[in-house]
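For the record, in the sequence shown the residue sitting at position 109 is 109 according to full-length UniProt numbering, with numbers rising by one throughout.
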Amino acid sequence: MQKFSCPERITHMAGQLNDGMTARVTDNGTVSEALAVTNGVKQDCLLAPNLFSLMFSAMLMDAYRDEQPGICIAYRTDRHLLNGRRMQASTHVSVTTVHDLLFADDFTLNTVMEEDMQRSTDLFTAGCTNFELNISKDKTVVMRQPPPSAEYNTPRINVNGTQIKHVKNFAYL
1 MQKFSCPERI
11 THMAGQLNDG
21 MTARVTDNGT
31 VSEALAVTNG
41 VKQDCLLAPN
51 LFSLMFSAML
61 MDAYRDEQPG
71 ICIAYRTDRH
81 LLNGRRMQAS
91 THVSVTTVHD
101 LLFADDFTLN
111 TVMEEDMQRS
121 TDLFTAGCTN
131 FELNISKDKT
141 VVMRQPPPSA
151 EYNTPRINVN
161 GTQIKHVKNF
171 AYL
């Protein structure tokens, strides 16, 4: 937390919430001695989503520090937002790159080409490995939405050598 310029008193307070926390493991009815919990947070801890967001943001900055793949979009913020002819004008049109979409612990990579999809996935996977985060391959899917004029090809994206399931649509969350 201190790497993100959180005041020391806040970092100390967050640490005190878990200070002295212990856990026991039950195996075939046998309960272990108390073990000190040195990382993680208590289940249902109100700080957990915020701590996860900090950790995930740090991982993304690390993973994509040298490359930032994404999709370029042009947009307007005036009353002509959906007027296609106005989008072709050079005035009042802004351009930005959408790198990813985040919501809670869900993450969406945005790329144009299949090669970029795989490269972005590889960077993300390496970032997760560096931060000891696991990617749930059962919950991870690939979806491709080509332009209307382009031929549709099913992308073959791999995470650590395992091909990820392709879907044509999915519910976000």
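Beta carbons: idealized from backbone N, C-alpha and C, even for Gly.
Distances from the CA of K168 to each of P147, V141 and A150 were compared; the closest alpha carbon is that of V141. A distance below 7 Å separates the beta carbons of N110 and I71. For E67, the closest alpha carbon among the candidates N158, T162, A126 and R79 is that of A126. Setting aside the 5 residues that flank it on each side, V159 is surrounded in the same chain by T121, T125, I135, K137 and T140, each with a C-beta closer than 8 Å to its C-beta; the list follows chain order.
For the beta strand (DSSP E) assignment, the uninterrupted runs of no fewer than 3 residues enclosed by the region 7-76 are, from N- to C-terminal side, 71-75.
Within the model, the alpha-carbon separation for H166 versus R119 is close to 17 Å. The beta-carbon distance between I157 and M117, rounded to whole angstroms, is 5 Å. This is short enough to meet the 8 Å contact definition. In the structure shown, L123 adopts helical secondary structure according to DSSP, grouped into three states.
Between R79 and V93, the gap from beta carbon to beta carbon reaches 7 Å or more. The Cβ atoms of T22 and A34 lie closer than 7 Å to each other. Beta-bridge analysis with DSSP links Q163 to N158.
Note on geometry: alpha-carbon atoms of V41 and A48 lie some 6 Å from one another.
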